[in-house]
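So the sequences go chain by chain: Z and L.
For the first sequence, position 545 (counting from the first letter as 1) is numbered 545 according to the numbering used here, and the numbering increases by one without interruption.
For the second sequence, position 204 (counting from the first letter as 1) is numbered 204 according to the numbering used here, and the numbering increases by one without interruption.
Structure first, commentary second.
There are 2 protein chains.
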Amino acid sequence: MKIALAQLNYHIGNFESNTAKIIGAIEQAKTNGADLVVFAELAICGYPPRDFLEFTEFIELCENSITEIAAATKGIACIIGSPTKNPRIQGKDLFNSAYFIEDGEVKKVVNKALLPTYDVFDEYRYFEPNQDFSCIEYQGVKIALTICEDLWNINDNPLYISSPMDELIKEEPDLMINIAASPFSYNHDDNRYKVLSDNSKKYQLPLLYVNQVGAQTEIVFDGGSFVFNEKGELLDQLAYFKEDLKIYEFADQEIKGYTPIEYKPWPDVKQIYDALILGIRDYFYKSGFTKAVLGLSGGIDSAVVCALAAEALGAENVLAVLMPSKYSTDHSIKDALDLVAALGCKHEVVAIKEITDAFDHVLEPAFRGLPFNVAEENIQARSRAVIVMAFSNKFGNVLLNTSNKSESAVGYGTLYGDMAGAISVLGDVYKTQVYELARYINREREIIPENSIVKPPSAELRPDQKDSDSLPDYDVLDKLLYQYIELKKSSRDIIAAGFDEELVKRVIKMVNKAEFKRYQTPPILRVSPKAFGMGRRMPIVGKYLS
Amino acid sequence: MKIALAQLNYHIGNFESNTAKIIGAIEQAKTNGADLVVFAELAICGYPPRDFLEFTEFIELCENSITEIAAATKGIACIIGSPTKNPRIQGKDLFNSAYFIEDGEVKKVVNKALLPTYDVFDEYRYFEPNQDFSCIEYQGVKIALTICEDLWNINDNPLYISSPMDELIKEEPDLMINIAASPFSYNHDDNRYKVLSDNSKKYQLPLLYVNQVGAQTEIVFDGGSFVFNEKGELLDQLAYFKEDLKIYEFADQEIKGYTPIEYKPWPDVKQIYDALILGIRDYFYKSGFTKAVLGLSGGIDSAVVCALAAEALGAENVLAVLMPSKYSTDHSIKDALDLVAALGCKHEVVAIKEITDAFDHVLEPAFRGLPFNVAEENIQARSRAVIVMAFSNKFGNVLLNTSNKSESAVGYGTLYGDMAGAISVLGDVYKTQVYELARYINREREIIPENSIVKPPSAELRPDQKDSDSLPDYDVLDKLLYQYIELKKSSRDIIAAGFDEELVKRVIKMVNKAEFKRYQTPPILRVSPKAFGMGRRMPIVGKYLS
């Protein structure tokens with residue numbers, strides 16, 4: 001039996017394009033002699049559809065697409081993810097399902113049992129967990145079909161009280177297929193490899209695994225679909241960060257023609273770079289925009305965002321706006337202009353002194369000579385946001401946010417100022433990782449000016465201001481933040497791990513106090529196991545522990 | 001047996017104040033001869049603790065509080081909600097539990113089985129569902145103790161496949177107790193009454209029900225705890241929107257000394273008014289702020305917010321900033337000043353012409369004489385946000401957002417402009433309901449100027465602009481929005497219900513296109529069954545159906 005794995009980039013709710021793409025892959029698989037073509041979890045509608053699932057019309061459109069796709073499977077079979085209605089009155093109204101369609105006919109519907117409901121996942125919000133297990137039989141092959149999380153209950157502290165494969169294995173299947181929507185983070189592929197390999201080993205079956213690829217607002221799918229033999233050895237892999245379709249022959253209980261290969265993950269920085277490029281590109285493409293705008297300060301963050309945007313969208317579609325104030329240094333303007341020249345993107349220079357003077361003047365009677373403080377600092381950042389948003393409103397360019405994860409974490413940013421934007425490119429990238437990205441972007445030639453990389457970071461909102469005036473070195477800060485945000489450790493444990501007590505308490509307090517700011521920031525392209533946004537849900541008005 | 005129901009206002013994560021409050025109520029109950037005192041669901045830590053639950057330190061602090069509270073129960077018993085660790089390796093690490101503590105000792109832990117995971121609820125994100133049921137025995141009384149949702153699986157399309165009371169009833173209990181954290185919406189109390197009454201009737205047992213009271217950022221708990229007899233008849237009720245403690249005697253299988261009373265819900269507008277007052281007050285109190293600032297336009301929305309804030313915080317703590325532009329009408333300024341005078345709150349007048357002229361001037365070279373459009377309109381709204389935020393940064397006043405649900409729905413607002421604020425007071429109140437609130441506020445004397453109520457609404461961002469230039473009448477708009485947002489109907493069904501086809505498509509498209517804006521708005525005080533925010537999770541980059 002020849003089995004095609006179709007790793008495609010879906011668009012949530014775009015049934016027309018998803019269905020056309022799926023039927024195209026079925027045709028291609030058929031042309032190349034495949035007997036079965038396998039698509040990802042919720043391929044019909046894209047993942048995650050979120051509360052679209054609560055609209056009955058949305059479910060009808062999924063069903064219509066299935067009908068259309070079924071009609072395209074004459075002489076072939078396919079496995080494809082879709083929500084389906086729960087026929088029972090009791091329980092949630094939907095299942096997260098996989099259709100098995102053969103020669104134009106739906107032969108079986110397999111439902112997902114383990115519903116991830118943590119971090120960015122909300123599956124139990126919508127779906128009833130399956131409790132009824134059986135294999136698919138096709139061309140004399142018994143297939144144990146599971147959906148994503150169904151294979152993930154395999155560690156020492158399992159999240160669920162049962163495992164679907166423990167049921168399915170009783171029917172003595174020949175092969176495992178798992179269809180997934182497994183989002184990218186820089187360390188997730190390693191876990192995924194291990195979990196899938198462990199499943200193959202445990203159940204002593206070959207495993208074909210199909211992931212989604214493409215970005216859906218903040219969530220990026222990296223593809224990289226796997227093929228394992230019955231010993232858990234990797235036989236082959238589909239492309240990362242792009243669509244792919246490959247056909248494998250299963251006969252005599254094995255995948256033919258492959259010998260085990262080594263699993264070689266990419267360096268984190270290369271993964272993050274590719275994820276951000278895909279994230280930007282799909283955000284624009286799927287929302288129908290082509291042009292971006294951003295504020296370019298001469299600092300490292302906006303330089304990296306500008307370079308990523310130029311790569312993702314084409315330099316001609318990127319407008320960089322330089323907005324110097326009286327506190328901007330000459331080298332900042334030069335560094336920004338050097339970057340614009342290196343990339344070949346458009347730019348405008350709009351000095352903000354006249355604006356901030358006008359604010360100071362109209363506020364003078366009310367502020368009664370009170371000393372310069374954060375109010376005046378924020379007026380500068382917010383005036384810049386008004387300007388870039390005016391460009392956005394006037395010319396239709398979408399504003400890219402340039403805040404990084406370190407400053408977003410400690411609240412070192414101005415709400416409605418530099419925290420503005422339609423999508424945050426670096427909001428899940430710590431400052432030290434931003435430097436790595438800059439070096440990576442410069443791997444062949446100097447795109448980001450060396451000076452932007454080596455100079456001490458500064459917000460330039462008051463004379464001679466440096467980030468290090470109010471923040472520890474980013475090397476220390478980022479490690480500390482990782483302990484608190486990614487690992488969710490207490491201040492006690494972080495101090496015990498060797499960090500300075502006063503610093504730990506100060507930094508954690510800054511993180512906690514900034515929850516209200518982060519609540520109002522744009523969606524953040526997720527590249528880490530714990531990004532700000534949907535995957536991290538903290539109270540705003542709560543008493544924090546540290 | 002005398003049973004005290006303690007309906008208290010908790011603060012999420014504030015173990016010190018919650019524990020002190022709980023011990024205070026135990027002392028009060030003891031003094032008044034109670035044998036048992038009953039607290040709400042997750043009373044230990046407040047509801048919803050969200051991802052605080054993922055910090056092991058947080059769970060330890062819950063356990064410490066339980067130890068402290070147990071020590072205060074000499075000679076009395078208590079039932080109290082708290083997260084507890086799941087002793088099994090399999091499944092989620094926590095249960096949502098109720099401790100039964102008697103005379104200083106934890107005698108039993110009852111776990112919640114039905115975990116609401118819809119709208120604002122995320123319980124399966126954190127908790128393992130209970131599958132093991134038994135009653136509490138105390139002073140010869142067998143108590144069927146359940147937690148909130150455990151009693152809600154009683155309708156024709158049950159969300160869960162089992163019901164805890166169906167198990168507990170097998171032990172022939174004498175009494176039902178349900179501890180809850182059941183959030184307010186203007187129609188929720190009616191459902192709650194019916195569901196609880198139906199449980200009493202179905203299981204033929206008296207029911208004591210304890211709810212939380214108080215606001216936790218966007219979620220408001222209205223209290224209103226119920227006491228039912230074994231026929232489902234209402235015997236008594238605790239106060240709405242404030243703390244309360246009452247003692248009931250259970251003997252001879254019944255609650256002594258009460259005869260059935262009629263359940264009389266308040267008018268919606270009174271409920272919403274009280275919920276918003278409590279929402280504002282607790283937002284400030286629990287986050288340690290006292291003073292508010294808001295932009296006052298002379299229109300109805302900001303007038304209502306100003307009046308609510310003055311009631312919640314004291315007029316002396318409210319600063320209204322009038323920011324007229326060249327498009328502001330004289331009557332707007334007069335209406336705003338009349339309101340300030342009626343309330344006795346502080347005000348400042350800061351004309352924005354100098355600011356907007358400065359923006360126009362610095363943008364002139366780039367905008368090259370392109371016609372006035374939404375860019376210039378938004379510059380006005382955003383300049384005002386810069387000004388009110390400057391007041392906030394200079395004087396420590398918290399910015400109240402004044403957008404209403406109708407304009408938030410259709411995107412009739414400026415991101416980083418009038419959509420700014422720390423908390424949105426009216427973001428879940430449709431414009432037609434804002435008028436009702438204004439009338440309610442004026443029920444005894446004219447506080448909101450009559451002119452603000454009767455004049456046609458206008459954003460005043462261009463000459464002679466009216467909301468009705470680009471939006472249908474709010475009477476029609478709000479009804480249409482309700483069909484789409486609250487009822488999640490498709491355009492087809494809304495048209496079938498009698499709405500104009502072209503209008504339905506235009507309005508739904510406006511709602512869908514504004515998702516990216518709403519993603520970045522402040523938390524919204526939730527008063528309806530479907531508020532924007534945590535309870536409504538739509539894709540940003542998705543292809544919408546209409």
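Positions of the beta carbon are idealized from the N, C-alpha and C atoms, including for glycine.
Within chain L, partners of residue i - CB distance below 7 Å
i        : result
Z:Ser182 : What Z:Ser182 touches in chain L: nothing, since even the nearest Cβ is about 18 Å away.
Z:Arg382 : Val386 and Met389
Z:Thr117 : Thr117, Tyr124 and Arg125
Z:Ile177 : The premise fails here: Z:Ile177 is roughly 25 Å from chain L at the closest Cβ pair, so nothing lies under 7 Å.
Z:Lys256 : What Z:Lys256 touches in chain L: nothing, since even the nearest Cβ is about 38 Å away.
Z:Asp553 : For residue 553 of chain Z there is no data in the structure shown, the boundaries of chain Z being 1 and 546.
Z:Lys555 : In the structure as shown, chain Z starts at 1 and stops at 546, and residue 555 of chain Z therefore has no counterpart that could be examined.
Assigned exposure category for residue i - 16 Cβ within 10 Å defines buried
i        : result
L:Asp335 : buried
L:Asn378 : buried
L:Ala514 : buried
L:Leu549 : Residue numbering for chain L in the displayed model covers 1 to 546; residue 549 of chain L lies beyond these limits and cannot be assessed.
Z:Thr290 : exposed
Z:Thr521 : buried
L:Phe372 : exposed
Z:Glu16  : exposed
Z:Ile261 : exposed
Z:Asp174 : buried
L:Ser468 : exposed
Z:Ile89  : exposed
Z:Gln131 : exposed
Under 8 Å between C-beta atoms of residue i and residue j
i        : j        : result
L:Met534 : L:Glu218 : yes
L:Lys201 : L:Glu172 : no
Z:Ser528 : Z:Glu486 : yes
L:Gly295 : L:Val429 : no
L:Arg526 : L:Ser185 : yes
L:Asn600 : L:Phe127 : Because chain L spans 1 through 546 in this model, residue 600 of chain L falls outside it and cannot be assessed.
L:Gly550 : L:Val220 : A question about residue 550 of chain L goes unanswered here, because the residues of chain L that appear run from 1 up to 546.
Z:Val362 : L:Ile355 : yes
L:Ile247 : L:Ala4   : yes
L:Ile44  : L:Ile76  : no
L:Ile448 : L:Val304 : yes
Z:Asp190 : Z:Pro116 : no
Z:Phe391 : Z:Leu339 : no
Z:Leu145 : Z:Ala98  : yes
9 Å Cβ cut-off: residues of chain L touching residue i
i        : result
Z:Asn552 : No answer is possible for residue 552 of chain Z: the residues shown for chain Z start at 1 and end at 546.
Chain C contact for residue i (CB, 8 Å cutoff)
i        : result
L:Met165 : In summary, chain C is missing from the structure at hand, where the protein chains are Z and L.
Interface partners of residue i on chain L, CB under 8 Å
i        : result
Z:Gly91  : Pro158, Leu159, Tyr160 and Ile161
Z:Val362 : Val350, Ala351, Ile352, Glu354, Ile355 and Ile387
Z:Phe499 : None at all; the shortest Cβ gap to chain L is about 16 Å.
Under 9 Å from the C-beta of residue i: neighbouring residues of chain Z
i        : result
L:His188 : Residues of chain Z passing the Cβ test: none, with the nearest at roughly 18 Å.
L:Asn317 : Near L:Asn317 there are no residues of chain Z at all, since even the closest Cβ is about 17 Å away, more than 9 Å.
Contact list for residue i against chain Z, beta-carbon separation under 7 Å
i        : result
L:Lys488 : Glu54 and Phe55
Self-check item: Within 7 Å of chain L by C-beta, residues of the region 12-37 of chain Z in sequence order
Solution: Ile12, Gly13 and Asn14
Quiz item: Got a sec: which bits of the region 421-454 of chain L sit with their beta carbon under 8 Å from any beta carbon on chain Z, in order along the chain?
Solution: Ala422
Practice problem: Would you check if the region 404-419 of chain L and the region 424-437 of chain Z touch, i.e. whether three or more CB-CB distances between them fall below 8 Å? | Solution: no
Self-check item: Interface residues of the region 205-217 of chain Z facing chain L [CB-CB below 9 Å]
Solution: Ala215, Gln216 and Thr217
Quiz item: Between the region 150-163 of chain Z and the region 151-166 of chain L, are three or more C-beta pairs nearer than 8 Å?
Solution: no
Quiz item: With contact counted as at least three CB pairs below 8 Å, one residue from each stretch, are the region 19-33 of chain Z and the region 4-11 of chain Z in contact?
Solution: yes
Quiz item: Residues in the region 504-534 of chain L with C-beta within 8 Å of chain Z's C-beta atoms, listed in sequence order?
Solution: Phe516, Tyr519, Gln520, Thr521, Pro522, Pro523 and Met534
Quiz item: How about the region 55-65 of chain L and the region 28-41 of chain L: do they share at least three Cβ pairs that are nearer than 8 Å?
Solution: no
Practice problem: Tell me, please, whether the region 338-351 of chain Z touches the region 471-490 of chain Z by the rule of three or more beta-carbon pairs shorter than 8 Å. | Solution: no
Quiz item: Given a limit of 8 Å on CB to CB distance, which residues of the region 220-236 of chain Z reach chain L?
Solution: none
Quiz item: At a Cβ cut of 7 Å, what residues of the region 395-417 of chain L count as close to chain Z, listed as they run along the chain?
Solution: Tyr416
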